[in-house]
Amino acid sequence: MQSSGALRPIVIPGEAVGGPGLKPGPGTYSEGGRVFAAQLGIRNEHEGLVSVIPLNGRYIPQRGDAVIGEVVDQGPSHWLVDINSPYPAPLHATESPWRVEFGDTARYLKVGDVIMCHVLSVDEIKRVQLTMQEREARRLTGGMVIEISPTKVPRVIGKQGSMVSLIMDLTGCRIYVGQNGRIWLDGDDRSAAIATMAIRLIEERAQAVGLTEAVRELIEREKGRGRGPRPS
Amino acid sequence: MEDIEHIEKEMKLINSDGRRLDGRSFDELRPIRIEAGVLRRADGSAYIEWGGNKVLAAVYGPREAHPRHLQDPARALVQCRYNMAPFSVSDRKRPGPDRRSVEISKVISEAFSSVVFKEQFPRTSVDIFIEVLQADAGTRCAGLTAASVALADAGVPMRDLVTSCASGKIDDVVCLDLNKDEDNFGDADCPMAIVPRTGDVVLLQMDGHLTYDEFQKAMGLSIDATKRIYEMQRDALRRRYSVTLEDILKEAPPAAAPVEPEPEQPREDDFGPEGI
Chain A
1 MQSSGALRPI
11 VIPGEAVGGP
21 GLKPGPGTYS
31 EGGRVFAAQL
41 GIRNEHEGLV
51 SVIPLNGRYI
61 PQRGDAVIGE
71 VVDQGPSHWL
81 VDINSPYPAP
91 LHATESPWRV
101 EFGDTARYLK
111 VGDVIMCHVL
121 SVDEIKRVQL
131 TMQEREARRL
141 TGGMVIEISP
151 TKVPRVIGKQ
161 GSMVSLIMDL
171 TGCRIYVGQN
181 GRIWLDGDDR
191 SAAIATMAIR
201 LIEERAQAVG
211 LTEAVRELIE
221 REKGRGRGPR
231 PS
Chain B
1001 MEDIEHIEKE
1011 MKLINSDGRR
1021 LDGRSFDELR
1031 PIRIEAGVLR
1041 RADGSAYIEW
1051 GGNKVLAAVY
1061 GPREAHPRHL
1071 QDPARALVQC
1081 RYNMAPFSVS
1091 DRKRPGPDRR
1101 SVEISKVISE
1111 AFSSVVFKEQ
1121 FPRTSVDIFI
1131 EVLQADAGTR
1141 CAGLTAASVA
1151 LADAGVPMRD
1161 LVTSCASGKI
1171 DDVVCLDLNK
1181 DEDNFGDADC
1191 PMAIVPRTGD
1201 VVLLQMDGHL
1211 TYDEFQKAMG
1221 LSIDATKRIY
1231 EMQRDALRRR
1241 YSVTLEDILK
1251 EAPPAAAPVE
1261 PEPEQPREDD
1271 FGPEGI
């Protein structure tokens, strides 16, 4: 614990994370010239900015985020989408990739459909609007959606998407990772199961060093397993 | 009548050596054990055993506030429900909220709303549930202490953990952390909650009578004790998250070495939301 604590110290709300001269970043607050942690997480310092990377927490939408949502309601000119956040997110018909007649929304998206979309705007009282005008926005058919903690999403994606492309290359699955902690993946049952395992490993070991190698190892081992004649 | 008076005089809550019924001295806490992250479905949770108290706390949110008219466009609501299980006391408690638990819920939610960064989550609510499974005096303090660990476990941004402890007066001696008998037959009980970093008092109640000097002393005892409890809370959180860190240390060296460790049944614990 001691040595691992030194490696990646966990900070607890109220703990001092920086003195004067440092700026409070996300997950921190300053009081009397000193900076304190506001969330349980890992301390991070970069160019005079101290932040705490949270280990847990809800997804709070931000403009431009790619999210995976489920349609939960429809109106004559919009759909209401659950994006796994505390705020309801409407998708207006004009923001969809189709030409939707007034009152004809059900022809394009039905309640229960899963979509890949983007956050168009978030105002100061956190009213969210979604858009599907981006290139990769679509209705997701087939495959499955798994949910992880939104705070672990950056690790699943990796630097410049390295982690997710590693999983895609090794398993042959198609994967979309939403910033809201929902991951859509499609592939044959076996590789989808292996990809799920890999993602669960990342979620659990998000703070680990050498995570990419551990994931590669896991996938390769799982792929190798059961190739030969099955017992029983 | 004389007999009864005679018996009352015989009953000693604290003896001449300054030992109490359970052998503690006046400034001693009951044994406390805190565990974080005990519930899978809640966003954050904690369990505390504080002497004879057993209390479970769960936190949800920030999530959409319902009913809608309660939503505040400027900040989050901090709601709390303190509930005692029917089997938590020796006489069966009638289930459901009563005058006492409504009051406790209110003061606890107010204690937390002064530390949570509510402005970051307008229109939402942070819901805290405190379930008392076994009661032995001081349940609101135990519940509050557990709930603050649960809040941190849920990743809710807040200024500091809230720590709580009671002190009171038995046989004219000011004592820390009264147990059931001391609470029932003592003279006063004074629960309080503080924000350890700043020393702000966020909950202060009193049942019975204390003089000004006694109150000062009780307050001093509680503040002293909250420092110890604060460390236990932090320790509970560190333990919860060091499990993964320890695994990492175990895993890291084999990744470099060419050995096939076949780590303990790779993802045995990997049940999905429906698991277990």
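Going down the list, the protein sequences come from chains A and B.
For what it's worth, my numbering labels the leading residue of the first sequence as 1, then goes sequentially.
For what it's worth, my numbering labels the leading residue of the second sequence as 1001, then goes sequentially.
Note that the Cβ used here is the ideal one computed from N, Cα and C, for glycine as well.
Fair warning: this is a prediction, and the values are worked out from it, not measured in the lab.
Cβ-based neighbour list, A:Leu201, same chain, cut-off 7 angstroms, excluding 5 preceding and 5 following
Ala214, Val215 and Leu218
If you pair each beta-carbon of the region 1124-1136 of chain B with each one of the region 1048-1063 of chain B, do three or more pairs fall below 8 angstroms?
yes
Does the distance from the C-beta atom of B:Asp1153 to that of B:Arg1234 stay below 8 angstroms?
no
Does A:Arg190 get closer than 8 angstroms to chain B when you measure Cβ to Cβ?
no
Please state the DSSP three-state secondary structure of B:Asp1171.
coil
C-alpha gap between A:Glu136 and B:Pro1122, whole angstroms:
30 angstroms
Taking any Cβ of chain B, which residues in the region 105-138 of chain A have a Cβ under 7 angstroms from it, in chain order?
Ile125 and Lys126
Sub-8 angstroms separation of A:Gly158 and A:Tyr59 beta-carbons
no
Residue ranges of each beta strand (DSSP E) run of no fewer than 3 residues wholly in the region 1096-1140 of chain B, ordered along the chain?
1124-1134
Return the chain-ordered list of same chain residues with a C-beta closer than 6 angstroms to the C-beta of A:Glu203, the five sequence neighbours on each side being excluded.
Ile148 and Lys152
Distance between A:Gly19 and A:Asn44 (C-alpha atoms, nearest Å):
14 angstroms
Excluding the 5 residues flanking B:Phe1117 on each side, which residues of the same chain have their C-beta closer than 7 angstroms to its C-beta?
Pro1157 and Met1158
Thinking C-beta only, is B:Asp1136 closer than 8 angstroms to B:Lys1093?
no
For B:Ser1045, count the other beta carbons within 10 Å of its own beta carbon; 16 or more makes it buried, fewer makes it exposed. Which is it?
buried
When you compare only the Cα positions, how much space is there between A:Ile167 and B:Asp1177?
54 angstroms
Under 8 angstroms, do B:Gly1208 and B:Asp1189 count as touching if we go by C-beta distance?
yes
By Cβ distance below 7 angstroms, which residues in the same chain neighbour B:Pro1095 in space, the five residues on each side in sequence not counted?
Pro1086
Within 10 angstroms of its Cβ, does A:Phe102 collect 16 or more other Cβ (buried), or is it exposed?
exposed
Do A:Met116 and A:Ile146 have their CB atoms nearer than 8 angstroms?
no
Within the continuous alpha helix (DSSP H) that includes A:Ser162, where are the two ends?
Ser162 to Thr171
Chain B contact residues for A:Leu40, given Cβ-Cβ distances below 8 angstroms:
Ala1152, Asp1153, Gly1155, Leu1237 and Tyr1241
From the DSSP secondary-structure annotation, give me the bridge partner or partners of A:Ala37.
A:Thr28
Residues in the region 73-97 of chain A with C-beta within 8 angstroms of chain B's C-beta atoms, listed in sequence order?
Pro86, Tyr87 and Pro88
Give the DSSP bridge partners of B:Glu1035, in chain order.
B:Tyr1047
Per-residue contacts from A:Ile10 into chain B (C-beta, under 8 angstroms):
Leu1237, Arg1238, Tyr1241, Ser1242 and Leu1245
So, for B:Ser1016: in the same chain, excluding its five sequence neighbours on each side, which residues have a beta-carbon less than 8 angstroms away from its beta-carbon?
none
Beta-carbon separation of B:Leu1013 and B:Ile1170 under 8 angstroms?
yes
is_contact[A:Thr171, chain B] using C-beta, thresh 8 angstroms:
no
Option in B:Val1162, B:Leu1210 and B:Arg1100 with minimal Cα separation from B:Arg1197:
B:Val1162
Three-state secondary structure (DSSP) of B:Ala1074
coil
Reference B:Leu1133, options B:Leu1039, B:Met1084 and B:Tyr1230, closest by Cα
B:Met1084
Alpha-carbon to alpha-carbon, A:Val35 and A:Ala16
6 angstroms
Assumed close pair A:Gly187, A:Cys173 - CB separation to whole angstroms, cut-off 8 angstroms:
3 angstroms
Assigned exposure category for A:Gly224 - 16 Cβ within 10 Å defines buried:
exposed
Where A:Val52 and A:Asp113 are concerned, what is the direct C-alpha to C-alpha distance, given to the nearest angstrom?
35 angstroms
Residues bridged to A:Val153 (per DSSP)
DSSP output for A:Val153 lists no bridge partner at all.
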